[in-house]
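In what follows, a structure is listed as structure tokens, so that the remarks can point back to it.
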Amino acid sequence: MTNTDVSHTNRQTLVRAARELSDSVDLLSFADPVTHVYNPLSYARKSHEAYLGWVGEDVKVVLLGMNPGPWGMAQTGVPFGEVAAVRDWLQIDQPVDKPPIEHEKRPVEGFQCQRSEVSGRRLWGLFRDQFETPDAFFENHFVLNYCPLVFMESSARNRTPDKLPAEEREKLTAVCDAHLLTVIRTLDPDHLVGVGVYAEACLKRVVQIEGCRATVTRILHPSPASPASNNDWAGKVTKQLKSAGVW
Numbered sequence: 006m007t008n009t010d011v012s013h014t015n016r017q018t019l020v021r022a023a024r025e026l027s028d029s030v031d032l033l034s035f036a037d038p039v040t041h042v043y044n045p046l047s048y049a050r051k052s053h054e055a056y057l058g059w060v061g062e063d064v065k066v067v068l069l070g071m072n073p074g075p076w077g078m079a080q081t082g083v084p085f086g087e088v089a090a091v092r093d094w095l096q097i098d099q100p101v102d103k104p105p106i107e108h109e110k111r112p113v114e115g116f117q118c119q120r121s122e123v124s125g126r127r128l129w130g131l132f133r134d135q136f137e138t139p140d141a142f143f144e145n146h147f148v149l150n151y152c153p154l155v156f157m158e159s160s161a162r163n164r165t166p167d168k169l170p171a172e173e174r175e176k177l178t179a180v181c182d183a184h185l186l187t188v189i190r191t192l193d194p195d196h197l198v199g200v201g202v203y204a205e206a207c208l209k210r211v212v213q214i215e216g217c218r219a220t221v222t223r224i225l226h227p228s229p230a231s232p233a234s235n236n237d238w239a240g241k242v243t244k245q246l247k248s249a250g251v252w
């Protein structure tokens with residue numbers, strides 16, 4: 006099998022897995038204080054699958070985030086998908102539909118969204134500065150989120166998956182773990198990098214299930230909510246990746 010064939014097969018597997026994940030999470034229900042749930046794998050499927058088209062044939066590093074941000078993947082369907090980074094660097098600009106029930110304070114405007122997600126700008130900005138081109142980055146790297154859903158309360162406040170009630174969280178975890186296992190088996194990377202503590206914990210749990218050969222490490226989350234991230238985040242993360250032998 007040629008490298009092109011491997012890349013094509015990997016893409017087909019990831020597309021199928023993403024569709025299965027999307028269908029599975031749509032069957033779950035979430036109670037108050039969650040009032041709105043967005044699934045960008047569904048309404049932004051075209052751009053998400055365009056993103057999956059970047060997957061290379063020799064992925065050595067998989068970076069995992071927690072779940073979409075309201076101004077990132079919720080708009081573009083791409084993990085950490087800050088609009089400008091996705092459109093201008095990844096060259097993805099696909100039509101994005103609307104979630105079935107939209108919160109008036111968190112409208113989905115797709116690539117017309119004027120808000121910029123800081124986490125995505127920092128993450129993809131680092132990769133752009135280090136690798137210059139998407140081809141060079143995706144040759145050995147891939148980025149995904151553990152959970153594809155955005156959870157919001159009536160006030161439009163974001164609610165992260167770790168804050169869900171135990172019963173809801175367990176059902177969501179079962180579905181997301183299964184998807185993550187599929188990705189790891191498909192790409193067989195050397196390194197699994199959790200973007201933040203939550204993602205690292207998810208990777209460690211799934212690796213124990215799978216007996217995966219990849220090493221698990223963590224980098225500082227790029228969110229501006231973390232004080233440590235607001236002072237040379239890129240420099241700190243570059244040092245972390247080099248120290249862990251990822252770069």
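Counting the sequence shown from 1 gives a position; this note's numbering is that position plus 5.
Note that CB positions come from ideal geometry on N, CA and C, so glycine has one too.
None of the values given here were measured: they were computed from a predicted structure.
Provide the residue span of the alpha helix (DSSP H) that contains residue i, from first to last.
i	result
residue 214	202 to 215
residue 189	171 to 192
residue 162	From DSSP, residue 162 is part of no alpha helix (DSSP H); its letter is neither H nor E.
residue 133	123 to 136
Among residues of its own chain, excluding the 5 on either side of residue i, which ones have a beta-carbon nearer than 6 Å to its beta-carbon?
i	result
residue 78	45, 84 and 86
residue 118	80 and 88
residue 185	211
residue 11	62
residue 110	161
residue 173	35
residue 253	Any question about residue 253 goes unanswered here, given that the chain covers just 6 to 252.
residue 227	124, 127, 128, 234 and 238
Taking all protein chains shown into account, decide if residue i is buried (16 or more other Cβ within 10 angstroms of its Cβ) or exposed.
i	result
residue 201	buried
residue 127	buried
residue 154	buried
residue 234	buried
residue 80	buried
residue 240	exposed
residue 122	buried
residue 205	buried
residue 72	buried
residue 230	exposed
residue 179	exposed
Going by beta carbon distance, what residues of the same chain come within less than 7 Å of residue i, once the five residues before and after it are set aside?
i	result
residue 208	69, 197, 199 and 221
residue 24	none
residue 217	189
residue 76	118, 120, 121 and 122
residue 41	106, 108 and 157
residue 251	66, 196, 198 and 222
residue 249	222
Considering Cα atoms alone, identify which of the options is closest to residue i.
i	options	result
residue 94	29, 120, 11 and 137	137
residue 108	230, 145 and 43	43
residue 14	58, 159 and 24	58
residue 214	225, 168, 135 and 183	183
residue 27	250, 227 and 181	181
residue 257	29, 67, 41 and 74	Since the displayed the chain opens at 6 and closes at 252, residue 257 lies outside it and no answer follows.
residue 33	140, 166, 224 and 76	166
residue 65	187, 238, 219 and 224	219
residue 145	176, 40 and 132	132
residue 191	40, 244, 36 and 67	67
residue 238	247, 224 and 96	224
residue 242	129, 22 and 76	129
Counting along the chain, where does the beta strand (DSSP E) carrying residue i start and finish?
i	result
residue 70	66 to 70
residue 147	146 to 150
residue 91	No beta strand (DSSP E) holds residue 91; DSSP gives it neither H nor E.
residue 322	What is shown of the chain runs 6 to 252, which leaves residue 322 out entirely.
Please list, in chain order, all residues of the same chain as residue i whose beta carbon is under 8 Å from its beta carbon, the five residues on each side excluded.
i	result
residue 38	158, 159 and 164
**Message:** Below 8 Å, how does it come out for the region 96 to 106 and the region 48 to 59: are there three or more Cβ pairs, yes or no?
**Reply:** The region 96 to 106, when compared against the region 48 to 59, does touch it at the 8 Å Cβ threshold.
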